[in-house]
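Quick note: the sequence shown uses full-length UniProt numbering, first residue 1, plus one each step. The C-beta atom is built at its ideal place from N, Cα and C for all residues, glycine as well. Source: prediction; values computed, not measured.
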Amino acid sequence: AVEVSEAKRSATAKLTITVKPVDSNPPVITASAVEGFVDENAPIGTKVIDKNKLPIKLTVSDADLGADDPKPTYTFELTTNFFAIDPSGTLIVNEENLDRDPPSPGRFRFQVVAREKTGIAASAPLSFVVTLNDVNDNAPMLPMIPPITVQAGEARREVIK
């Protein structure tokens with residue numbers, strides 16, 4: 001700083017300026033598997049597993065982050081309400097009574113994106129397929145045949161349905 005007067009006085013200050021990089025890269029979402037399995041009627045919170053019976057985990061990376069930068073918090077947005085991502089990044093059941101039996105499709109296709117909580121950029125969508133494993137949850141049903149009347153002494157009678 002310089003004083004504007006007859007006396008030539010000055011002062012010096014030391015400043016530290018930190019330049020933060022522009023958030024120019026969207027986050028990138030990856031998963032341990034994109035095809036999963038879970039039993040029908042599994043309770044909310046049940047982990048969706050891959051073909052090796054391991055829970056499906058999602059991770060997010062961001063090319064804008066340096067080694068010393070604090071890791072941001074991400075939210076996951078799904079195109080279905082039947083499944084969710086828990087705080088540890090695991091794909092879980094989010095709806096009761098998922099049924100494999102018709103008319104249910106037995107297989108769910110959806111997409112997930114990751115969004116930085118403080119940013120507006122979202123990752124490219126990642127597509128998933130979750131197949132419901134059949135559980136023996138329905139008793140067998142026999143069709144009802146109406147009663148048949150047979151007269152005494154009548155010859156053999158066949159009923160074909």
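Alpha carbon to alpha carbon, what distance is there between residue j and residue i?
| i | j | result |
| --- | --- | --- |
| Thr79 | Gln111 | 6 Å |
| Ala121 | Ser24 | 9 Å |
| Pro34 | Lys20 | It is worth fixing the name first, because residue 34 is Val in this sequence and not Pro. Their backbone Cα atoms lie some 35 Å apart in a straight line. |
| Val38 | Pro143 | 31 Å |
| Glu116 | Met141 | 52 Å |
| Pro27 | Thr118 | 12 Å |
| Ser5 | Ala13 | 20 Å |
| Ala42 | Ser88 | 20 Å |
| residue 169 | Ser61 | The chain is shown from 1 up to 161; residue 169 falls before or after that span and cannot be answered. |
| Ile148 | Glu158 | 10 Å |
| Pro125 | Val135 | 31 Å |
| Asp99 | Phe76 | 25 Å |
Please determine, among the options, the residue with the shortest C-alpha to C-alpha distance to residue i.
| i | options | result |
| --- | --- | --- |
| Phe128 | Ile29, Ile17, Arg100 and Val4 | Ile29 |
| Asn133 | Val22, Gln151 and Phe108 | Phe108 |
| Phe82 | Arg156, Gly106, Glu154 and Gly66 | Gly106 |
| Asp101 | Asp64, Glu40 and Gln151 | Glu40 |
Does DSSP put residue i in a helix, in a strand, or in coil?
| i | result |
| --- | --- |
| Pro43 | coil |
| Thr90 | strand |
| Gly66 | coil |
| Gln151 | coil |
| Asn133 | strand |
| Ile85 | strand |
| Ser10 | strand |
| Val113 | strand |
Taking Cβ to Cβ, would you say residue i is nearer than 8 Å to residue j?
| i | j | result |
| --- | --- | --- |
| Val130 | Ser123 | no |
| Ala31 | Lys51 | no |
| Ile92 | Lys53 | no |
| Ala84 | Asn94 | yes |
| Gly36 | Ile49 | yes |
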